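Residue numbers (my numbering): 1 to 118.
Before any comments, here is the structure.
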Ligand SMILES: [Zn+2]
């Protein structure tokens with residue numbers, strides 16, 4: 001395979017970088033043994049991202065439905081073992097626990113994943 005070198009400007013590079021980051025998603029699943037302190041975890045998530053969950057709710061990445069009862073759920077990327085906090089609905093957070101956690105994978109935007117403290 002031949003390589004083609006394309007030179008781009010700093011501005012084009014930044015735009016490209018922003019575009020990729022905005023569209024990058026990661027495949028995750030709920031963490032099987034997460035403790036139930038999810039109310040405080042959503043505050044942690046908001047503080048770290050600068051985003052705020054609106055009163056009208058968001059699309060829960062786990063079930064894909066618009067939900068207003070949003071918590072900070074623990075999710076993990078099986079490929080890397082990293083653990084993140086991301087907003088999910090209360091229903092999904094309690095449904096996918098223990099052995100159920102392994103049965104359901106979903107996609108979350110990279111920008112919405114905050115690494116969980118150890
Ligand atoms: Zn959900």
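C-beta: ideal position from N, C-alpha, C; glycine also.
Remember, it's a predicted structure, so these values are computed and weren't measured experimentally.
(request) May I ask whether a heavy atom of ligand 1 can be found less than 6 Å away from the beta carbon of residue 62? (result) The residue you call residue 62 lines up with position 62 of the chain shown. Yes, since a heavy atom of ligand 1 falls inside the 6 Å radius drawn around the Cβ of residue 62.
(message) Which residue marks the beginning of the alpha helix (DSSP H) containing residue 92, and which one marks its end?
(response) Translated into positions along the chain shown, residue 92 becomes position 92. Run containing residue 92: 90-95, per the alpha helix (DSSP H) assignment.
(message) Which of the three DSSP states is assigned to residue 49 in this structure?
(response) In the chain shown, the residue the question calls residue 49 occupies position 49. Residue 49 falls in the helix class under three-state DSSP.
(request) Would you kindly work out how many angstroms separate the C-alpha atoms of residue 66 and residue 45, rounded to a whole number? (result) Within the chain shown, the letter at position 66 stands for residue 66. Within the chain shown, the letter at position 45 stands for residue 45. Whole-angstrom Cα-Cα distance: 19 Å.
(message) Which residue wins for smallest C-alpha separation from residue 25, given the options 117, 69 and 109?
(response) Here the question's residue 25 lines up with position 25 in the chain shown. Out of 117, 69 and 109, 109 has the C-alpha closest to the C-alpha of residue 25.
(request) Look at the alpha carbon of residue 100 and the alpha carbon of residue 18, and state the distance between them as a whole number of angstroms. (result) Stepping through the chain shown from its first residue, residue 100 is reached at position 100. Stepping through the chain shown from its first residue, residue 18 is reached at position 18. Taking the straight line from one Cα to the other gives about 35 Å.
(message) Going by beta-carbon coordinates alone, are residue 72 and residue 85 separated by less than 7 Å?
(response) Taking the chain shown and counting its residues from 1, one reaches residue 72 at position 72. Taking the chain shown and counting its residues from 1, one reaches residue 85 at position 85. Cβ atoms of residue 72 and residue 85: closer than 7 Å.
(request) Mind checking who residue 72 pairs with in its DSSP beta bridge? (result) If you number the chain shown from 1, residue 72 lands on position 72. DSSP, once it has assigned bridges, lists 87 as partnering residue 72.
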